[in-house]
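Residue numbers (this note's numbering): 130 to 509.
Even glycine gets a Cβ: it sits at the ideal position worked out from N, Cα and C.
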Ligand code: NDP
Ligand code: MG
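In structure tokens, the structure reads:
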């Protein structure tokens, strides 16, 4: 029986993680969870899963729930997230919270030697050097939840790092993959939220449309698999059946395939190195699919991907700027304050405006994050 701490339970990854826990009551128990502001959903989850500790975004929510569930401990805010992350009884932390708030709790859970199932991209993107160093020092395993990294991780089982030629991340192309740049000028929030293959949270769906999602994944892959940026390629693959691949020196390519369903990589992170059945998943029927398509990535069409490679290679605080500027710009787009193409303009301006700090501390990363958000909001 593995005890699980789940940050971001009320989100897209969070609810699917609970689906997996529910499907395997003999293997998993939810020990602690966090929610943000969706208290109605949190209440239902508390009833169904009876965790011992629950954190919410604000004190007033914690007080309301405390009155309803006297046997459960409630906490809130940033410290609440940390309490969930380091909950003593938990073996695994699933970090499925959105945004750079996920970083500090992850670092603290690593110090407590928890296994980390990482969905939250911002953790590795903003502070990959700190996270990987802490994981190594504590002998902690970081298990990828993101489908691309899970595919690479699965393809690397039994293989040696030194034999890798390159990683090939596949990209669906997002909501606007068939549109020209000109056609992107007047797209609406509703159109951007309509992803062809995956059902995900709002922010990451916009990131898929701008291709920033793939950019963040390139930076994550750099840290997770200690791979040079020149050895990480992105390939357009509109069906999202091949979730990513590894090419080896002898020209062999190993890939992981499946229908697009995030529960598969989530479950693998929870069961690794074992596998459990997932009866509700749709089996892959290649004969029915018939054809898979691939195309070269167009960096002029998807400028955010170019920014991400550049920020990743520059290192230091640049990826933190990339991430914070993107979070602020996407929030502004979702609020109807800026157009779709302004997202990339704002990110570019934030990157140009920043003086890089090499090898930043956690405090310097957090400060850069705040400063960048302030800068982007000043442009609105
Ligand atoms: P969602 O927006 O669906 O969910 C986010 C979760 O985080 C919710 O539980 C939300 O609470 C909580 N949350 C948001 N902001 C805060 C905050 N400031 N403090 C505390 N809690 C907060 O996101 P996703 O599930 O789509 O994504 C989560 C992470 O996983 C992201 O980093 C994303 O990039 C990554 N990821 C997602 C994938 C997907 O398929 N969705 C695939 C791969 C990676 P509430 O709703 O209660 O306010
Ligand atoms: Mg992904």
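For residue i, list the residues DSSP reports as bridge partners.
i	result
residue 146	Bridge partners of residue 146: none, in fact.
residue 192	Residue 192 pairs with nothing; no bridge assigned.
residue 182	161 and 202
residue 134	161 and 222
residue 374	297 and 384
residue 232	Per DSSP, none; premise fails for residue 232.
residue 309	Answer is none; residue 309 lacks a bridge partner.
residue 245	222 and 271
residue 425	364
Throw me the rounded Cβ distance for the residue i and residue j pair, which I believe falls under 8 Å.
i	j	result
residue 297	residue 374	4 Å
residue 338	residue 321	5 Å
residue 146	residue 225	6 Å
residue 506	residue 229	About 15 Å separates the two Cβ atoms, so there is no contact after all.
residue 256	residue 491	7 Å
residue 348	residue 342	That pair is no contact at about 11 Å.
residue 232	residue 263	Contact doesn't hold; Cβ gap of about 11 Å is too wide.
residue 260	residue 246	Not really, about 14 Å apart at Cβ, beyond 8 Å.
residue 316	residue 305	6 Å
residue 516	residue 134	Because the chain spans 130 through 509 in this model, residue 516 falls outside it and cannot be assessed.
residue 132	residue 405	Not a contact, Cβ separation roughly 16 Å.
residue 449	residue 385	Actually they are not in contact, since the Cβ atoms of residue 449 and residue 385 sit about 30 Å apart, beyond 8 Å.
residue 243	residue 275	The Cβ separation is near 19 Å, so there is no contact.
residue 157	residue 150	4 Å
residue 423	residue 365	7 Å
residue 445	residue 488	7 Å
residue 218	residue 302	With 8 Å as the limit, residue 218 and residue 302 do not qualify as a contact, their Cβ atoms being about 43 Å apart.
residue 462	residue 335	6 Å
residue 493	residue 486	5 Å
residue 170	residue 139	5 Å
Could you tell me the boundaries of the alpha helix (DSSP H) in which residue i lies?
i	result
residue 507	491 to 508
residue 334	331 to 339
residue 461	447 to 463
residue 410	Note, residue 410: premise wrong, no alpha helix (DSSP H); not H, not E.
residue 279	276 to 284
residue 474	469 to 482
residue 318	318 to 321
residue 430	Residue 430 -> no alpha helix (DSSP H), and no H or E assigned at all.
The beta strand (DSSP E) that contains residue i, what's its start and end?
i	result
residue 510	Examination of residue 510 is not possible in this model, given that the chain is present from 130 through 509 alone.
residue 398	Premise fails: residue 398 lies in the alpha helix (DSSP H), 392 to 400, not in any beta strand (DSSP E).
residue 293	293 to 300
Does any C-beta atom of chain B lie closer than 8 Å to the C-beta of residue i?
i	result
residue 186	In the structure shown, chain B does not exist; there is a single protein chain.
request  = Quick one: residues with CB closer than 7 Å to any heavy atom of ligand 2, in chain order, please.
outcome  = 275, 276, 277, 342 and 346
Exercise. Does the stretch 280 to 295 touch the stretch 341 to 360, meaning 3 or more C-beta pairs lie closer than 8 Å?
Worked result: yes
Report yes or no: do three or more beta-carbon pairs, one from the stretch 166 to 183 and one from the stretch 431 to 441, lie closer than 8 Å?
-> no
- Message: Quick test of the definition: if touching needs 3 or more C-beta pairs under 8 Å, does the stretch 146 to 158 touch the stretch 385 to 399?
- Response: yes
Discussion item. If contact is defined by three or more beta carbon pairs under 8 Å, each pair taking one atom from either stretch, is the stretch 192 to 205 in contact with the stretch 461 to 476?
Written reply: The stretch 461 to 476 vs the stretch 192 to 205: no contact.
Would you check if there are 3 or more beta carbon pairs closer than 8 Å linking the stretch 376 to 383 to the stretch 298 to 318? With the rule of 3 Cβ pairs closer than 8 Å, the stretch 376 to 383 does not count as touching the stretch 298 to 318.
Legend entry - Sufficient close CB pairs (3 or more, under 8 Å) joining the stretch 495 to 504 to the stretch 441 to 457: Cβ pair count under 8 Å is three or more, so yes.
Touch test, the stretch 160 to 170 against the stretch 405 to 422, Cβ-Cβ under 8 Å, three pairs minimum | no
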